[in-house]
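Numbering that gives the first Met the number 0 numbers the first residue of the sequence shown as 0 and each following residue consecutively. Positions of the beta carbon are idealized from the N, C-alpha and C atoms, including for glycine. Only a predicted model underlies this, so the values are computations on that prediction, with no experimental measurement involved.
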Amino acid sequence: MIPYGRQDISQQDIDAVVEVLQSDFLTQGPKVPLFEKTVAEHVGATHALAVNSATSALHIACLALGLGEGDWLWTTPITFVASANCGLYCGAQVDFVDIDPVTYNLCPKELEKKLIAAEKTGKLPKVVVPVHFSGQPCDMQAIHQLAQTYGFKIIEDASHAIGGKYQGEPIGNCRYSDITVFSFHPVKIITTAEGGLALTNDDALAEKMNLYRSHGVTRDTSLMTHEPDGPWYYQQVELGFNYRMTELQAALGISQMQRLDEFVAQRHRLAERYNQLLADLPLTLPWQHPDSYSGLHLYVIRLQLDKINKTHRQVFEELRAAGIGVNLHYIPVHMQPYYQDMGFKKGDFPEAERYYKEAISLPMFTSLTKYSQELVDECLNKIIIS
0 MIPYGRQDIS
10 QQDIDAVVEV
20 LQSDFLTQGP
30 KVPLFEKTVA
40 EHVGATHALA
50 VNSATSALHI
60 ACLALGLGEG
70 DWLWTTPITF
80 VASANCGLYC
90 GAQVDFVDID
100 PVTYNLCPKE
110 LEKKLIAAEK
120 TGKLPKVVVP
130 VHFSGQPCDM
140 QAIHQLAQTY
150 GFKIIEDASH
160 AIGGKYQGEP
170 IGNCRYSDIT
180 VFSFHPVKII
190 TTAEGGLALT
200 NDDALAEKMN
210 LYRSHGVTRD
220 TSLMTHEPDG
230 PWYYQQVELG
240 FNYRMTELQA
250 ALGISQMQRL
260 DEFVAQRHRL
270 AERYNQLLAD
280 LPLTLPWQHP
290 DSYSGLHLYV
300 IRLQLDKINK
310 THRQVFEELR
320 AAGIGVNLHY
330 IPVHMQPYYQ
340 DMGFKKGDFP
350 EAERYYKEAI
360 SLPMFTSLTK
370 YSQELVDECL
380 NKIIIS
């Protein structure tokens, strides 16, 4: 079976982790801040806070922005559930904005329409979470302009997008957002096994996220209510969580960062090869916005079902049966039972639902071979054309 994604681990990565295993620090030591510094410098952000998952990063980002009961978080329905759940964790209510039919990202025009309506009812969002789906950045400048007008904060969910660029600048520099979040799950562009990271240029937000990721506990005397009782002293000043990244994960991340640009360049070569191989099939291939350089975490095709004598499910199942480990990113969040219990229903976000009926994620990872891509093409031809 050719998987849809997989990690790329080198001997250098292994050596970096073994070095930590032989050191004095396994949980919190010098590697975590070094990883944070490495990522922050690469993308041009002031602060980076490493955590145990991108979900945790989204949660502490929401908390740092003061999201709570009575507030609204808006995001896209075409994402993993974590992009929405982070709002629920804070006691806020969640809503969605339909996608652009070409990029599959949150649509700024739909966002503006929804904001105009929400302003009239007094239900403007406190936080909007644009998701850089498949690694292609959203139209952040347009979303930022709307934030200036309507007063919401922006968390960029860039879980798919490290190594990519928007308007020639690295994704993660927070030029058009308050906080940006990366994921380092094994199928992502670089990995720390599990792990995530939140970036910001705001000192106060960084301080809050630092507290929230580690039990709300501090040894910083400037944050304490009184002078320390002694050198052992710490205070809990917030209700925080155990969201910290380990030294082992950070060491792997530091090593992986040295190959980030190489990884993304290889993904672009693979995408170009797919584009050439699949050009004559009744498929809609991924479109790349000229203002962006995608991280290309995913390569998503859409079936032109009116030109195919099989259903979406049939094509998917036949590819799996042929050893092609395709996947589907994503089931629209508003169609999940948990969210339908809140009142969301089929038909609420038609572009997202149309996408779901046609989309298939093909295998995409840096070690994917030319032979494997040709096998994917061969199988698609047999299944679709037959």
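Contact check, residue i vs residue j, beta carbons under 8 Å
{"i": "Tyr232", "j": "Val216", "result": "no"}
{"i": "Lys164", "j": "Ser291", "result": "yes"}
{"i": "Val128", "j": "Ile170", "result": "no"}
{"i": "Leu204", "j": "Ala63", "result": "yes"}
{"i": "Phe348", "j": "Pro2", "result": "no"}
{"i": "Ile323", "j": "Val263", "result": "no"}
{"i": "Ala91", "j": "Ser158", "result": "no"}
{"i": "Tyr103", "j": "Tyr354", "result": "yes"}
{"i": "Cys89", "j": "Leu123", "result": "no"}
{"i": "Val50", "j": "Arg243", "result": "yes"}
{"i": "Asp94", "j": "Glu109", "result": "no"}
For residue j and residue i, believed in contact at Cβ under 8 Å, the rounded distance
{"i": "Ser55", "j": "Arg212", "result": "7 Å"}
{"i": "Leu280", "j": "Asn380", "result": "7 Å"}
{"i": "Val186", "j": "Asp156", "result": "At roughly 16 Å, the Cβ-Cβ gap does not stay under 8 Å, so Val186 and Asp156 are not in contact."}
{"i": "Arg301", "j": "Glu357", "result": "4 Å"}
{"i": "Arg258", "j": "Met363", "result": "Rounded, the Cβ-Cβ distance is 16 Å, inconsistent with contact."}
{"i": "Ser133", "j": "Val332", "result": "The Cβ separation is near 16 Å, so there is no contact."}
Cβ neighbour criterion (16 or more within 10 Å) applied to residue i
{"i": "Gly121", "result": "exposed"}
{"i": "Leu327", "result": "exposed"}
{"i": "Gln0", "result": "The question names Gln, yet the displayed sequence has Met at residue 0. Exposed, since its Cβ has fewer than 16 Cβ neighbours within 10 Å."}
{"i": "Glu271", "result": "exposed"}
{"i": "Glu261", "result": "exposed"}
{"i": "Trp286", "result": "exposed"}
{"i": "Gly195", "result": "buried"}
{"i": "Lys125", "result": "buried"}
{"i": "Pro136", "result": "buried"}
{"i": "Met139", "result": "buried"}
{"i": "Gln11", "result": "exposed"}
{"i": "Ala278", "result": "exposed"}
Residue i beta carbon near the ligand COA (any heavy atom closer than 7 Å)
{"i": "Ile323", "result": "You won't find the ligand COA in this model; it holds no ligand whatsoever."}
Closer than 8 Å to chain B by CB, residue i
{"i": "Ile161", "result": "In summary, chain B is missing from the structure at hand, where a single protein chain is found."}
Residues bridged to residue i (per DSSP)
{"i": "Arg243", "result": "Val50"}
{"i": "Ile98", "result": "Leu105"}
{"i": "Phe326", "result": "For the record, residue 326 in the displayed sequence is Asn; it is not Phe. Per DSSP, Ser360."}
{"i": "Ile153", "result": "Val127"}
Residue span of the alpha helix (DSSP H) that contains residue i, given as start and end
{"i": "Val263", "result": "259-276"}
{"i": "Asp376", "result": "369-384"}
{"i": "Ala81", "result": "81-88"}
{"i": "Thr37", "result": "30-42"}
{"i": "Leu210", "result": "202-211"}
{"i": "Glu317", "result": "311-320"}
{"i": "Gln11", "result": "10-20"}
First and last residue of the uninterrupted beta strand (DSSP E) at residue i
{"i": "Tyr298", "result": "298-302"}
{"i": "Ile178", "result": "178-182"}
{"i": "Ala197", "result": "195-199"}
{"i": "Leu72", "result": "71-74"}
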